[in-house]
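Quick mapping for you: the protein sequence lines, in order, are chains Z and X.
When the count follows our numbering, it moves up by one through the first sequence with no breaks and lands on 351 for the last residue.
When the count follows our numbering, it moves up by one through the second sequence with no breaks and lands on 351 for the last residue.
First up is the structure itself, then whatever we jot down about it.
2 protein chains.
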Amino acid sequence: MKVNGEDYRAIWWEGDAVGFIDQRLLPHRFESSSATTLSQVADAISGMAIRGAPTIGVMAAYGLALAARIGEQIDDAYSLLVGTRPTAINLKVGLDAVMAAAPDTGAMLAAARTHDESEVAAARAIGVHGLDLLEHGSRVLTHCNAGWMAAQDWGTATSPVYTAAREGLNPFVWVSETRPRLQGARITAWEMLNEGIDHRLIADGAGAQLMRQGRVDVVITGADRIAANGDTANKIGTYSHALAAHANGVPFYIAAPLTTFDSRTPHGDAIPIEERDENEVRTLEGLTEDGELKRVAITPPGTQVINPAFDVTPASLITGFITEVGVIPATPEAIMSALKLP
Amino acid sequence: MKVNGEDYRAIWWEGDAVGFIDQRLLPHRFESSSATTLSQVADAISGMAIRGAPTIGVMAAYGLALAARIGEQIDDAYSLLVGTRPTAINLKVGLDAVMAAAPDTGAMLAAARTHDESEVAAARAIGVHGLDLLEHGSRVLTHCNAGWMAAQDWGTATSPVYTAAREGLNPFVWVSETRPRLQGARITAWEMLNEGIDHRLIADGAGAQLMRQGRVDVVITGADRIAANGDTANKIGTYSHALAAHANGVPFYIAAPLTTFDSRTPHGDAIPIEERDENEVRTLEGLTEDGELKRVAITPPGTQVINPAFDVTPASLITGFITEVGVIPATPEAIMSALKLP
């Protein structure tokens, strides 16, 4: 997507380095950085300089290709990278695609590029299929960031919105701020502003009320892993929005490429859920009046926290999945058929 | 309740002034302040230096008594104070109790004191009745702060918990942080720490997942206004927790004194919902490493926000009301009977 007139993706290959936009600095600063070592790639993923399931997969793919080119032991590099985040299955898919070409470093880089382009094409196609679900002026509620920062280009949940905007349909987006890391307030709000999409930011707890008041036409979020039965892991807070949508007759869609589906995970309770650092809830970073990025504590010192990064939305609450092969229902049969599995 | 060995209430009369703990500074500083003019009382309420429906009512009651004593026109003072916050009906109840004694300033102050003591007695009784709903080690989820800061002493939602702790039942509390103003993270977490109650802080969006995982035994929140049919306005985010409780078979109780019931409001959609400043969502205040209180921006500059302070939970999702006259079902008949109305 364009930023200040220039084309960007969330991450890119730049000659024995992986370039990326440091998403931790958004919305305050739009800065790119680059990883030239295996540990820099691993840190960018685990430290969430880049995040979003498809982007994580592409970063890991380029990272493994980079590791091979700079002489790291390939199996060790794979093991390190696959352990950087536990929930997004795209991480493993990206790594496996590159591993299949090992040990030929040229072929490994080519495989990473192919994986990258295929995720971008999937994101684009999600927008085309998702467009069928939107009308003129549709009010879409989304949670976290499943925008182009999370999926290289176009995004998953945002792709139908960006497509609708280009078709002149004037979509409107409710941006759920997404505590604790505020990817909605920081990244999705920034993306909407950058693309000129009309939007309003809300606290996560306000989504249900808006649905009860009939002010939301459709909920669309991304996913980090979709189990074989359709249960879906996504950013913590997604399940609450799904319950509110269900209770108020609002359609609830998950937008995700087929790389996010994991036929080997039978149901949601089998998806590993990452627990992140307590300080993500205890403290927050923002810009002071003087333009300084500062971290501030919002709780009593040492308050104990439970900080699951994801939750599981049962398939029964999901109206459908918006994928690159079309919109499919949240049933095991439809999922197996989309994945071309017997 | 005791703080550093001394007895406190959220607010108190101190000889032609209303003393109060400035809750905006919690948990970083425990500081009291005092209002000596009508406008200082009004600002303390509208600026949320004090908050919580019963505490708002007591502050307004003392504020009106103060206004009369310092020679303000009583009707004007009533009008100013009744408009400081639109949702909590306790505000009007407290003012009406004092107004009934006008223009005798001594009688007005006595009426404010009586209202104060009666709210404290109600909070205490809520704890005794609510104790029946808890077992040894019960895990209670609460939202916002319905603790003693919100209800002068004991609190409403917290009163059963404090009572259980004194009975040796070792209650555990999930503290939902409560964006945007973080009354859970700031005030309830501070209260739990101060009372030595085992607790964990969570992002608001994590509550539903904990309920799905069977890690919550009961949800108890306060209320700002309860309509005649049982629909309840409380802090934004309450409705989401109620939906999650309902979907997962977790009992959901509202703890509130009878002053929070409004028989003249027929149902939830008739309750006025306060919209607060957009900056409450765009910015956050916390303590820097250097011990300075700083406000930081978390969104792109000028991001537009919708910031409703409350939501409405339909009576159908409420297991019961914990009141000073016992635990009653969320039905119009039970409410009218508790209020001794025909």
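We put the CB at the ideal spot given by N, CA and C, even for glycine.
From a predicted model like this one, the values you see are computed outputs, not experimental measurements.
Counting only C-beta atoms, is residue i closer than 8 Å to chain Z at any point?
i: ARG33 (chain X); result: no
i: SER325 (chain X); result: no
i: TRP199 (chain X); result: yes
i: PRO36 (chain X); result: yes
i: LEU210 (chain X); result: yes
i: ASP226 (chain X); result: no
i: ARG60 (chain X); result: no
i: ILE245 (chain X); result: yes
i: ALA194 (chain X); result: yes
i: PRO317 (chain X); result: yes
i: VAL290 (chain X); result: yes
i: TYR17 (chain X); result: no
i: TYR171 (chain X); result: no
i: ALA279 (chain X); result: no
Taking 8 Å as the threshold (C-beta atoms), are residue j and residue i in contact?
i: PRO281 (chain X); j: PRO36 (chain X); result: no
i: GLY156 (chain X); j: GLY103 (chain X); result: no
i: PRO2 (chain Z); j: ALA132 (chain Z); result: Here chain Z comprises residues numbered 10 to 351, so residue 2 (chain Z) is not present and cannot be evaluated.
i: ILE54 (chain X); j: ALA19 (chain X); result: no
i: PHE29 (chain X); j: MET68 (chain X); result: yes
i: GLU176 (chain X); j: MET10 (chain X); result: no
i: ALA253 (chain X); j: SER249 (chain Z); result: yes
i: ILE83 (chain Z); j: ALA120 (chain Z); result: no
i: ILE206 (chain X); j: ALA174 (chain X); result: yes
i: LEU296 (chain X); j: PRO309 (chain Z); result: no
i: PHE270 (chain X); j: ILE235 (chain X); result: yes
i: GLU294 (chain X); j: VAL290 (chain Z); result: no
i: VAL50 (chain Z); j: LEU100 (chain Z); result: no
i: LEU118 (chain Z); j: LEU143 (chain Z); result: no
i: THR359 (chain X); j: GLY146 (chain X); result: The structure shown does not extend to residue 359 (chain X), since chain X spans only 10 to 351, so no value can be given for it.
Taking CB distances under 8 Å as the criterion, tell me whether residue i reaches chain X.
i: GLY295 (chain Z); result: yes
i: VAL50 (chain Z); result: no
i: ALA356 (chain Z); result: Absent from the structure is residue 356 (chain Z), since the part of chain Z shown begins at 10 and ends at 351.
i: PRO112 (chain Z); result: no
i: LYS303 (chain Z); result: yes
i: ASP395 (chain Z); result: Nothing can be reported for residue 395 (chain Z): it is not among the residues displayed for chain Z, which extend from 10 to 351.
i: LEU150 (chain Z); result: no
i: ASP286 (chain Z); result: no
i: SER147 (chain Z); result: no
i: VAL314 (chain Z); result: yes
i: ALA256 (chain Z); result: yes
i: VAL137 (chain Z); result: no
i: GLY214 (chain Z); result: yes
i: ALA26 (chain Z); result: no
i: ASP233 (chain Z); result: no
Who does residue i pair with in a DSSP beta bridge?
i: VAL228 (chain X); result: X:LEU150 and X:PHE261
i: ASN243 (chain X); result: X:ASP320
i: PHE270 (chain Z); result: Z:ILE235
i: VAL12 (chain X); result: X:GLU15
i: ILE344 (chain Z); result: Partner(s): none; ILE344 (chain Z) has no beta bridge.
i: SER43 (chain Z); result: Z:GLY28
i: LEU302 (chain X); result: X:LEU296
i: HIS208 (chain X); result: X:VAL182
i: TRP22 (chain Z); result: Z:VAL27
i: GLU284 (chain X); result: X:PRO317
i: THR328 (chain X); result: Bridge partners of THR328 (chain X): none, in fact.
i: ILE337 (chain X); result: X:PHE330
Sort the options by Cα distance to residue i and report the nearest one.
i: MET158 (chain X); options: X:GLU144, X:ASP207, X:ASP16 and X:LEU210; result: X:ASP16
i: GLY258 (chain Z); options: Z:ALA217, Z:MET201, Z:MET68 and Z:VAL321; result: Z:ALA217
i: GLY24 (chain X); options: X:ALA74, X:ASP52 and X:ARG33; result: X:ALA74
i: ILE211 (chain X); options: X:ARG221, X:ALA194 and X:ASP226; result: X:ALA194
i: ASP240 (chain Z); options: Z:THR274, Z:ALA254, Z:VAL225 and Z:ARG209; result: Z:THR274
i: ALA242 (chain X); options: X:ASP141, X:ALA264 and X:ALA160; result: X:ALA264
i: ASP320 (chain X); options: X:THR230, X:ALA306, X:THR328 and X:THR268; result: X:THR230
i: ARG190 (chain X); options: X:LEU202, X:ASP213 and X:VAL228; result: X:ASP213
i: ASP226 (chain X); options: X:THR247, X:SER185 and X:PRO180; result: X:PRO180
i: PRO351 (chain X); options: X:SER185, X:SER272, X:THR114 and X:ALA134; result: X:SER272
i: CYS153 (chain Z); options: Z:ALA173, Z:THR46, Z:ALA232 and Z:GLY92; result: Z:ALA232
i: ALA26 (chain X); options: X:ARG291, X:GLY300, X:GLN32 and X:THR45; result: X:THR45
i: ILE327 (chain X); options: X:ALA70, X:ALA256 and X:HIS138; result: X:ALA256
i: ASP141 (chain X); options: X:VAL129, X:GLY335 and X:GLU342; result: X:GLY335
i: ARG188 (chain Z); options: Z:THR292, Z:PRO323 and Z:GLY56; result: Z:THR292
Find the residues of chain A that neighbour residue i, judging by a C-beta separation of less than 7 Å, and give them in chain order.
i: LEU191 (chain Z); result: You won't find chain A in this structure, because its protein chains are Z and X.
Whole beta strand (DSSP E) runs in the region 131–175 of chain X with 3 or more residues, listed along the chain? 148–152
Minimum length 4: unbroken alpha helix (DSSP H) runs contained in the region 85–123 of chain Z: 99–108
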